[in-house]
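J.: Chains as they are written, first to last, in the numbering used here: chain P, 1391 to 1731; chain E, 152 to 431. Here a beta-carbon is modelled for each residue, glycine too, at the ideal position from N, C-alpha and C. None of these values were measured; they are calculated from a predicted model. Take a look at the following structure, please.
Below, the structure is given as structure tokens:
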């Protein structure tokens, strides 16, 4: 729960968090090292100085640390843990659904764990989707189209094999498809950060919600166009949000652009923990106001408290059928667990 | 566009290393439309010693990018441009370009220096990819970004959309900008406008779109929204690339001087890192 300076309670759903193991012991090769190094560079580059972590802590942190940073120190009420396998880079995977479930089990009612699959696995991918639904009753998945798999260095959402998987997701009620479309990892397509496959998939699967993590940056223009056309496309703010500290005016321009094109009901807060922690992000976001000229350039749009509340939790709660009143009552009765040790 | 080869007299006037750096200042990161030298990507330049001053010589340029994962096609475009720009110098027999610390560095370095195409190296990953289409796409974005700066600067001088859509090349070239950055960007805009053949005669419109279609006063606002979104994207990449580059190699802030790369892990030190740009 975030309490505003005026004393208002804001229910926070953190739409994008991780529980990874990028430690040297788990790295399978140089790519594994370079991958976590790249994440660490994002962390060091965009975090306030007082929020910086030691490299070794960043590579591998405990479940208690995660719980503490999100829910005790941090303002989160519910966090969505996304799974990213990267089995070509990490011996036991980077953050698999099994690993994520160890935390969800330890701290019940706080986490929603999303699965992941790789359509290039063909029949096995379909079996795996069934298995995840039966074992963990997943509501969503995280897709990493730039992930390596043997000799393949990436795939597209509108590949025929991917369509078979999405048909199955639709049938099983796995509604929320988070897609990484942003910077970070090697993208070997024609245009490295192309978002056009979202357009096809979102049109062809109207029952599914397509949450585009990182808002397609740095292809925000293409993304805004697609998201304006498609009613079932959402934007996750992870990676865009931390610019609020290093370049606040630039962040204002990005959020203004998203509000202008997509509107306030389809934007989702995400810390991208552990790249960034939610406390400072939410505080700065609540304090953020659009500069007058940025607002004037876009028919006077504003980042109001109502809009901030939607972005911080109400929008994600709608996608994940979270009953906010019930959860608030439940959390109020149950004192916050103190992380062990 | 490359300048004409320099005359020997000028050659004597400017040290060779300076000349190479001046050529490198013309190489843009295609995605950001900013010079690779400004971005700190070029790490070292060296020139093979020769017995006689006027012998053709070999130049070695090494560069690094913000991450190990930077897109190979972008990296390839930059490496090609570096080689091409340096080889414009009449005394350069050959430029050897080396990209360090990149997932595809070995394959790419071999191909660039042998004059092979991108497609020949990454046939399995990018079947049939034609980098000229990518280059064209980035040229379009560079044009749009530069044009937005020019239009906004003109609007600040109270030019109306009605005026701007019909503004001629002569009229634009006659405008005096107070802000040196506006003046610099206008120069860059005019360069790409002319290079693309979008305005040839003094009476041609100076502010068409990239396809050569004149703007209209009615469509002006929508057009500016497009330019704005292009800029926001490019700024995102630019800011991130600079930040990641600085974080990756812990660049020192030597205020007032050209930044140099320091604090490498010894194993990461490339050959030739002794000739960093320190002559200014």
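#1: Within 8 Å, do at least three Cβ pairs link the stretch 188 to 198 of chain E to the stretch 372 to 388 of chain E?
#2: Run through the DSSP bridge pairs and tell me what residue 1404 (chain P) is partnered with.
#3: Thinking just about the alpha-carbon of each residue, which of P:1494, P:1649, P:1567 and P:1698 is nearest to the one in residue 1529 (chain P)?
#4: Tell me where the alpha helix (DSSP H) around residue 1489 (chain P) begins and ends.
#5: For residue 178 (chain E), collect the residues of the same chain with a Cβ closer than 7 Å to its Cβ; drop the 5 residues on either side in sequence, then sort them by chain order.
#6: Does the separation of the CB atoms of residue 1494 (chain P) and residue 1471 (chain P) fall below 8 Å?
#7: Using a Cβ-Cβ cutoff of 7 Å, what residues of the stretch 1610 to 1638 of chain P are near chain E? List them in chain order.
#8: Kindly identify the DSSP beta-bridge partner or partners of residue 1568 (chain P).
#9: Nearest-angstrom Cα distance between residue 327 (chain E) and residue 334 (chain E)?
#10: Indicate whether at least one CB of chain P lies closer than 8 Å to the CB of residue 321 (chain E).
#11: So what's residue 1546 (chain P) in DSSP terms, helix, strand or just coil?
#12: Which of the three DSSP states, helix, strand or coil, is assigned to residue 1589 (chain P)?
#13: Could you work out which residues of chain P lie near residue 399 (chain E), taking near to mean beta carbons separated by less than 7 Å?
#14: Below 8 Å between beta carbons: does that hold for residue 1543 (chain P) and residue 1474 (chain P)?
#15: When the cut-off is 8 Å and only beta carbons count, does residue 1434 (chain P) lie next to chain E?
#16: Thinking just about the alpha-carbon of each residue, which of P:1401, P:1706 and P:1419 is nearest to the one in residue 1481 (chain P)?
#17: Determine the DSSP secondary structure at residue 1522 (chain P), reduced to helix, strand or coil.
#18: Which chain P residues sit within Cβ distance under 8 Å of residue 384 (chain E)?
#19: Identify the contact partners of residue 388 (chain E) in chain P, using a Cβ-Cβ distance below 7 Å as the criterion.
#20: Anything in chain P within Cβ reach of residue 219 (chain E), meaning under 7 Å, just list it in chain order.
#21: Let me know the secondary structure DSSP gives residue 195 (chain E) once reduced to three states.
#22: Could you tell me which of P:1445, P:1476, P:1449 and P:1441 sits nearest to residue 1459 (chain P), measuring between CA atoms?
#23: Between residue 341 (chain E) and chain P, is any beta-carbon pair separated by less than 8 Å?
#24: Count the other C-beta atoms from every protein chain shown that fall within 10 angstroms of the C-beta of residue 1417 (chain P), then say buried if there are 16 or more, exposed otherwise.
#25: Cα-Cα, which of P:1666, P:1637 and P:1413 is closest to residue 1479 (chain P)?
#26: Would you call the stretch 1649 to 1669 of chain P and the stretch 1608 to 1618 of chain P in contact, with 3 or more CB pairs under 8 Å?
#27: Return helix, strand or coil for residue 179 (chain E), following the three-state DSSP convention.
#28: Can you list, in chain order, the residues of the stretch 168 to 182 of chain E whose Cβ is nearer than 9 Å to any Cβ on chain P?
#29: I'd like to check one pair, residue 1433 (chain P) with residue 1665 (chain P): are the Cβ atoms closer than 8 Å?
#30: Below 8 Å, how does it come out for the stretch 1695 to 1704 of chain P and the stretch 1400 to 1414 of chain P: are there three or more Cβ pairs, yes or no?
#31: Can you give me the C-alpha to C-alpha distance between residue 1675 (chain P) and residue 379 (chain E), rounded to a whole angstrom?
#32: How many Å lie between residue 1591 (chain P) and residue 247 (chain E) at the Cα?
#33: Please name the residue, chosen from P:1551, P:1503 and P:1490, that lies closest to residue 1509 (chain P) on a Cα-to-Cα basis.
#34: Might you give, ordered along the chain, the residues of its own chain that have their beta carbon closer than 7 Å to the beta carbon of residue 313 (chain E), omitting 5 neighbours on each side?
#35: Throw me the rounded Cβ distance for the residue 1410 (chain P) and residue 1484 (chain P) pair, which I believe falls under 8 Å.
#36: Please specify which runs of the alpha helix (DSSP H), each continuous and at least 4 residues long, are wholly inside the stretch 350 to 380 of chain E, giving them in chain order.
T.: Short version:
#1: no
#2: The residue you call residue 1404 (chain P) lines up with position 14 of the first chain. Note: residue 1404 (chain P) sits in a beta bridge opposite P:1469.
#3: In the first chain, the residue the question calls residue 1529 (chain P) occupies position 139. Of the listed residues, the one whose Cα sits closest to residue 1529 (chain P) is P:1567.
#4: Walking along the first chain from the start, residue 1489 (chain P) turns up at place 99. First-last of the alpha helix (DSSP H) with residue 1489 (chain P): 1487 to 1496.
#5: For the purposes of this step, residue 178 (chain E) is taken as residue 27 along the second chain, with counting starting at 1. Contacts found: 186, 187, 229, 232, 233 and 236.
#6: What you label residue 1494 (chain P) is simply residue 104 of the first chain in a count that begins at 1. What you label residue 1471 (chain P) is simply residue 81 of the first chain in a count that begins at 1. Yes, Cβ-Cβ distance for residue 1494 (chain P) and residue 1471 (chain P) is below 8 Å.
#7: 1610, 1611, 1614 and 1637
#8: The sequence position of residue 1568 (chain P) within the first chain is 178, counting from 1. According to DSSP, residue 1568 (chain P) bridges with P:1532 and P:1601.
#9: Counting from one through the second chain, the residue named residue 327 (chain E) turns up at place 176. Counting from one through the second chain, the residue named residue 334 (chain E) turns up at place 183. Cα-Cα distance, rounded: 8 Å.
#10: The residue given as residue 321 (chain E) occupies position 170 in the second chain. By this cut-off, residue 321 (chain E) is not an interface position.
#11: The residue you call residue 1546 (chain P) lines up with position 156 of the first chain. Here residue 1546 (chain P) sits in coil by DSSP.
#12: Position 199 of the first chain, counting from 1, holds the residue named residue 1589 (chain P). Of the three classes helix, strand and coil, the one that applies to residue 1589 (chain P) here is helix, per DSSP.
#13: Taking the first residue of the second chain as 1, we reach residue 399 (chain E) at position 248. Neighbours of residue 399 (chain E) on chain P, chain order: 1431.
#14: Start at 1 with the first residue of the first chain, and residue 1543 (chain P) comes out as number 153. Start at 1 with the first residue of the first chain, and residue 1474 (chain P) comes out as number 84. Not closer than 8 Å, so no.
#15: Here residue 1434 (chain P) refers to the residue found at position 44 when the first chain is read from its first residue. So yes, residue 1434 (chain P) belongs to the interface.
#16: Sequence index remark: in the first chain, residue 1481 (chain P) carries index 91 (1-based). For residue 1481 (chain P), the nearest C-alpha among the options comes from P:1419.
#17: Here residue 1522 (chain P) is taken as the residue at index 132 of the first chain, counted from 1. Residue 1522 (chain P) falls in the helix class under three-state DSSP.
#18: Taking the first residue of the second chain as 1, we reach residue 384 (chain E) at position 233. By Cβ distance, chain P contributes 1607, 1608, 1609, 1610 and 1611.
#19: To locate residue 388 (chain E), count along the second chain from 1; it is residue 237. Residues of chain P passing the Cβ test: 1608.
#20: Position 68 of the second chain, counting from 1, holds the residue named residue 219 (chain E). Those within 7 Å of residue 219 (chain E) in chain P are 1424 and 1428.
#21: Position 44 of the second chain, counting from 1, holds the residue named residue 195 (chain E). Of the three classes helix, strand and coil, the one that applies to residue 195 (chain E) here is strand, per DSSP.
#22: The residue given as residue 1459 (chain P) occupies position 69 in the first chain. The residue with the shortest Cα to Cα distance from residue 1459 (chain P) is P:1441.
#23: Position 190 of the second chain, counting from 1, holds the residue named residue 341 (chain E). Taking Cβ atoms only, chain P never reaches closer than 8 Å to residue 341 (chain E), which makes this a no.
#24: Looking up residue 1417 (chain P) in the first chain gives position 27. Counting Cβ neighbours within 10 Å, residue 1417 (chain P) comes out buried, since at least 16 surround it.
#25: Your numbering for residue 1479 (chain P) matches position 89 in the first chain. That would be P:1413, whose Cα lies nearest to the Cα of residue 1479 (chain P).
#26: yes
#27: The sequence position of residue 179 (chain E) within the second chain is 28, counting from 1. Strand.
#28: 182
#29: Position 275 of the first chain, counted from the first residue, corresponds to residue 1665 (chain P). Position 43 of the first chain, counted from the first residue, corresponds to residue 1433 (chain P). Contact flag set, yes.
#30: yes
#31: Counting from 1 along the first chain, the entry for residue 1675 (chain P) is found at position 285. Counting from 1 along the second chain, the entry for residue 379 (chain E) is found at position 228. Rounded to whole angstroms, residue 1675 (chain P) to residue 379 (chain E) spans 23 Å at the Cα level.
#32: The count along the first chain starts at 1 and reaches residue 1591 (chain P) at position 201. The count along the second chain starts at 1 and reaches residue 247 (chain E) at position 96. So the alpha carbons of these two residues sit roughly 44 Å apart.
#33: Numbered from 1 along the first chain, position 119 holds the residue referred to as residue 1509 (chain P). Here the closest residue by C-alpha is P:1551.
#34: As a position in the second chain, residue 313 (chain E) is number 162, starting the count at 1. Closer than 7 Å at Cβ, skipping near neighbours: 368.
#35: Numbered from 1 along the first chain, position 20 holds the residue referred to as residue 1410 (chain P). Numbered from 1 along the first chain, position 94 holds the residue referred to as residue 1484 (chain P). With a Cβ gap of about 5 Å, residue 1410 (chain P) and residue 1484 (chain P) count as contacting.
#36: none
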